[in-house]
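Trainee:
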Amino acid sequence: MTARRSLVRRAAAVAAAATAAVVLAACGGTGDSSAGHEGHDKATPSASASAKKGGHNAADVSFATGMIPHHRQAVQMAELVASRTRSAEVEKLAGEIKKAQDPEIKKLSGWLTSWGEQVPEEHGGMEHAGHSMGSMAGMMAPEEMDALEKASGKAFDTAFLKMMVKHHEGAVEMAKTEQAEGGYQPAKDMAGDIISSQSAEIARMNKLLGKG
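Here the sequence shown stands for residues -25 to -1, 1 to 187, where the numbers follow mature numbering (1 follows the signal peptide of the UniProt record, and there is no 0).
1. Enumerate, from N- to C-terminal direction, the unbroken alpha helix (DSSP H) stretches of 4 or more residues contained entirely within the stretch 61 to 120.
2. Hey, quick one: how far does the alpha helix (DSSP H) through Gly41 stretch, first residue to last?
3. Along the chain, where does the alpha helix (DSSP H) containing Gly128 start, and where does it finish?
4. For Lys125, does the three-state DSSP call read helix, strand or coil?
5. Closer than 7 angstroms by C-beta to Glu13: which residues in its own chain qualify, once you throw out the five before and the five after it? Chain order, please.
6. Judging by CA-CA distance, which residue of Pro117, Met149, Gln173, Lys163 is the nearest neighbour of Gln51?
7. Decide if the stretch 29 to 38 is in contact with the stretch 146 to 166; the criterion is three or more beta carbon pairs, one per stretch, under 8 angstroms apart.
8. From the DSSP output, in three-state form, read off Leu183 for me.
9. Quick check on Gly167: does DSSP put it in helix, strand or coil?
10. Considering Cα atoms alone, identify which of Ala126, Lys67, Val140 is closest to Ile170.
Take a look at the structure:
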């Protein structure tokens, strides 16, 4: 009788141990599964962040779309200088403007293409330079461009400097908007360079105008 009770107790103990093992295994499995889900959950925001990193938004598109014709007009103005100026300083400044803005036009165009956006068409001739962008910040009207093209000597230098100050101020305004609202870091970096370089050129031009 005693031996039989002992066997029953042993069997019960073994069954209990087996049940406990099953429960622990189940808990462990749930824990592993939970950990796996947690791992996926944690990875998802990181992946999303990576996907968004360097992504562009509407402000970036607006910046590139607006700055391309803006820069093109500045380059057109700079190209008039060599045959019309009497100032070595104005000629030097014009060369620097063209050297800086030509590569930026190419870079901005490349961004728009990579984003599946349309690159603004390039209009031929001074008379078209200001039409498509209307009253965009700092852009010269067609009649202003015509007047600049017909001027020469000191009158040209004065007109060029006054117009380019206004033009640069518009570019700085656009660049500040990009820095505040843009999402594409290379575009924001370019905006910072534009603010820095063109603000310095505005100071130089005002000095040449006797305002510095």
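Each residue gets a CB set at the ideal place from its N, CA and C atoms; glycine is no exception.
Mentor: Looking at the coordinates:
1. With a minimum length of 4 residues, the unbroken runs of alpha helix (DSSP H) contained wholly in the stretch 61 to 120 fall at 63 to 89.
2. Along the sequence shown, read from residue 1 onward, the residue named residue 41 stands at position 66. Unbroken alpha helix (DSSP H) run through Gly41: 33 to 56.
3. The residue given as residue 128 occupies position 153 in the sequence shown. Looking at the DSSP string, the run of the alpha helix (DSSP H) that includes Gly128 is 128 to 156.
4. One-based indexing of the sequence shown puts residue 125 at position 150. In the structure shown, Lys125 sits in a helix (DSSP, three-state: H, G or I).
5. Taking the first residue of the sequence shown as position 1, residue 13 is located at position 38. Model confidence at Glu13 stands at a pLDDT of 42, short of 50, so the residue's coordinates are unreliable; what they give is reported in the following sentence. Excluding sequence neighbours, Glu13 sits near nothing in its chain.
6. As a working note, residue 51 is residue 76 in the sequence shown. Measuring from the Cα of Gln51, the nearest candidate turns out to be Pro117.
7. Between the stretch 29 to 38 and the stretch 146 to 166, the count of Cβ pairs shorter than 8 angstroms is three or higher; the stretches touch.
8. Position 208 of the sequence shown, counting from 1, holds the residue named residue 183. In this structure, Leu183 counts as helix in the three-state DSSP scheme.
9. Taking the first residue of the sequence shown as position 1, residue 167 is located at position 192. The answer is helix: DSSP assigns Gly167 an H, G or I state.
10. Looking up residue 170 in the sequence shown gives position 195. For Ile170, the nearest C-alpha among the options comes from Val140.
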